[in-house]
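Below: the structure, in structure tokens.
In the numbering used here, the protein residues as written are 101 to 459.
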């Protein structure tokens, strides 16, 4: 691997993926190792109009003893080549080869036994479908979905008939640009040159986003329909999102404390169908990318992720215990679907009594 654009200790490896109708295709795997050797790893997958720049996400996992990896998918971020249409794909299965190769590198080349996959927005949709397709193979040990793109934030009359028409016509003009509202408000809420606090490359993640193409729209819709029919992911899943959707068209400070991209009710609606072990957590004041929310909210998000990981993905050799109780100042709400709340709290209390501490 070579040093990444983020600088040391981030490294990058280019995954060669052959060619498509636009020419050569690559993906990019970014790595940051923990301070001590570990056999636990995280693989992060970004959303639409996105790439990996969230170093504080890596900090969180590295400090907990995990090696951190992030995958810039084909035609995104580090993997976007001059001849390519940004962020375009004809099918979400197009991304499976780079996900497979990233997982192989992490497990076989780098020697990890435990793999937690995290997916944000479109990355959450893609990784859900991929994890389902790879079930029973021992590839994914856990899945953390940060505001996954389970449905379009559109009225029913547009979401169903109009998108069905797009799918029917997409083979004729897959690269045709579609009229969309864009991501301007959300982008403004993030970047420090506008209303936000984050610095990132606007060539890879422009404020207004990239044009939405008919072929990409159809690929997303087909993926959503497959997910909504029900999946059988065999790893535990944490689905996290804001507790409120912003529906305005002009700037308002509420953009900072809501999901201004997706409808959170859609996320909560479809999450239980992912598999048998699904936890849903919603956060008051959360943005679309929960890890880019305000400082206090993202601290709550990381606390909840930490609790969930400790409960469902303990380090090898660690005795299994119940889910630790949420901190008293936890602003979100978590619903554990496969166990009664009383039983979970009892198990957590027993574990706390033994350790003398609380999570």
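Note that beta-carbon positions come from the ideal geometry of N, C-alpha and C, so glycine has one too.
For residue j and residue i, the rounded distance between their alpha carbons
i: residue 266; j: residue 404; result: 39 angstroms
i: residue 325; j: residue 209; result: 35 angstroms
i: residue 352; j: residue 415; result: 43 angstroms
i: residue 365; j: residue 386; result: 14 angstroms
i: residue 277; j: residue 139; result: 44 angstroms
i: residue 290; j: residue 272; result: 36 angstroms
i: residue 221; j: residue 137; result: 31 angstroms
i: residue 295; j: residue 287; result: 9 angstroms
i: residue 146; j: residue 152; result: 6 angstroms
i: residue 150; j: residue 236; result: 30 angstroms
i: residue 106; j: residue 354; result: 31 angstroms
i: residue 141; j: residue 320; result: 28 angstroms
i: residue 135; j: residue 111; result: 15 angstroms
i: residue 201; j: residue 259; result: 34 angstroms
i: residue 347; j: residue 211; result: 46 angstroms
i: residue 303; j: residue 182; result: 12 angstroms
i: residue 187; j: residue 315; result: 11 angstroms
i: residue 82; j: residue 115; result: The structure shown does not extend to residue 82, since the chain is modelled only from 101 to 459, so the question has no answer here.
i: residue 292; j: residue 180; result: 24 angstroms
i: residue 358; j: residue 349; result: 14 angstroms
i: residue 108; j: residue 125; result: 26 angstroms
i: residue 238; j: residue 119; result: 29 angstroms
i: residue 261; j: residue 393; result: 34 angstroms
i: residue 162; j: residue 257; result: 45 angstroms
i: residue 450; j: residue 396; result: With a pLDDT of only 46 at residue 450, under the threshold of 50, the placement of this residue in the model should not be trusted, and no figure is reported.
i: residue 345; j: residue 205; result: 38 angstroms
Cβ-based neighbour list, residue i, same chain, cut-off 7 angstroms, excluding 5 preceding and 5 following
i: residue 241; result: 214, 215, 216, 335, 413
i: residue 378; result: 337, 339, 371, 372, 437
i: residue 367; result: 247, 248, 250, 339, 341
i: residue 408; result: 338, 379
i: residue 428; result: Here residue 428 scores only 46 on pLDDT, less than 50, and its place in the model should not be relied on; the value that follows carries that caveat. Cβ neighbours of residue 428 beyond the five flanking positions: none.
i: residue 234; result: 240
i: residue 227; result: 145, 217, 219, 243
i: residue 104; result: 110, 111, 112, 130
i: residue 298; result: 290, 291, 292, 392
i: residue 223; result: 145, 146, 147
i: residue 255; result: none
Close Cβ partners of residue i (< 6 angstroms) along its chain, the five nearest in sequence each way excluded
i: residue 113; result: 101, 129
i: residue 323; result: 192, 225, 229
i: residue 133; result: 167
i: residue 391; result: 154, 157, 398
i: residue 300; result: 153
i: residue 328; result: 370
i: residue 203; result: 239
Beta-carbon separation (whole angstroms), residue i vs residue j, contact threshold 8 angstroms
i: residue 198; j: residue 263; result: Incorrect: roughly 26 angstroms between the Cβ atoms, too far for contact.
i: residue 410; j: residue 253; result: 33 angstroms between Cβ atoms; not a contact.
i: residue 308; j: residue 284; result: 5 angstroms
i: residue 402; j: residue 160; result: 5 angstroms
Sequence-distant residues of its chain with Cβ nearer than 8 angstroms to residue i (five each side left out)
i: residue 185; result: 122, 175, 275, 313
i: residue 305; result: 149, 150, 151, 153, 177, 287
i: residue 361; result: 221, 247, 253, 283, 286, 388
CB of residue i within 8 angstroms of CB of residue j, strictly
i: residue 343; j: residue 247; result: no
i: residue 280; j: residue 244; result: no
i: residue 333; j: residue 374; result: yes
i: residue 189; j: residue 196; result: no
i: residue 331; j: residue 232; result: yes
i: residue 207; j: residue 406; result: no
Three or more C-beta pairs below 8 angstroms linking the region 157-174 and the region 129-148:
yes
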